[in-house]
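Everything on this sheet refers to the single structure shown next.
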Amino acid sequence: MTHQKYEPLFAPILIRRFTYAEWRFSGFYHPVCIRTHKFNDINVVFFHIISWGEKMAIVKYTSSDVDLIARMVRAEAVGEGKQGMLYVGNVIVNRAKADCLDFRDVRTIREVIFQVQGGNYAFEAVQKGNLFYQRARSAEKNLARKNLKYWREHPAKYALWYFNPYGPCPQTWYGEPLTGGYKNHCYYEPAAGTCASVY
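End of the sequence shown = 199 in UniProt numbering, gap-free, step of one.
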């Protein structure tokens, strides 16, 4: 379960015989469910809305997931600064969100972090990284929360893979197209039409 606080509001909207709806849409609110009550020939619709100031998470997460991402982004990209760590965190969250390709069977952050592919951990830091097994720091936890709540940016925005080629970024990696690079890492998104759920 997430640990976010929402501001539920109820906005009544009158609909006569379901032929006309007056929808007032505010940039600050987002309807998430509907309740209806009928009074004579008038149907009153209640939209349960949540302030956009409290963003919904991209994937469900726990405090343990925040720690895992914080430790992984530090282990994988601490030398690339906050931006580089955010990109790595972006990929981690994308893998939990995607229901396709190598990530069809991973649904949680923990499953993503400890996923095994081809007999090895998908993240080398799980097997070899000393930093990954150190306590998560508050700075990286804050980055992890940003990733989980809303942060997605190019070149990692829709990326499912990244690696360090120790040279220029190849235009494809195992057939997947390059989206761009940041410092030491190159980022790759699924080929068109192969993973709609990552978007």
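Here a beta-carbon is modelled for each residue, glycine too, at the ideal position from N, C-alpha and C.
Exercise. Take the Cβ of K128 as the centre, count every other Cβ of all protein chains shown within 10 Å, and call the residue buried at 16 or more, exposed below.
Key: exposed
Quiz item: Does DSSP put Y87 in a helix, in a strand, or in coil?
Solution: helix
Quiz prompt | Nonlocal neighbours in the same chain, by C-beta distance under 6 Å from H3, ignoring five residues either side | solution = Interpretation of H3 is limited by its pLDDT of 49, a score under 50 that renders its predicted location unreliable; the figure taken from the coordinates is listed afterwards. The answer is none, since no qualifying residue turns up.
Quiz item: Between L68 and the rest of its own chain, which residues show a CB-CB distance below 7 Å, the 5 nearest in sequence each way excluded?
Solution: I109, R110, I113
Quiz item: Between R135, G181, Y199, N94, which lies nearest to S64 when the distance is taken from Cα to Cα?
Solution: R135
Self-check item: Span of the alpha helix (DSSP H) around E76
Solution: 63-77
Exercise. Please determine if the segment 141-158 and the segment 82-99 are in contact, where contact requires at least 3 C-beta pairs separated by less than 8 Å.
Key: yes
Self-check item: Rounded C-alpha distance that separates K157 from Y199
Solution: 8 Å
Practice problem: Ignoring anything shorter than 4 residues or poking outside the UniProt domain "Cell wall hydrolase SleB" (79-188), list the alpha helix (DSSP H) runs there in chain order. | Solution: 81-97, 109-113, 124-128, 138-149
Quiz item: In whole angstroms, what separates the C-alpha of A75 from that of R137?
Solution: 12 Å
Quiz item: What's the gap between the Cα of K183 and the Cα of C169?
Solution: 10 Å
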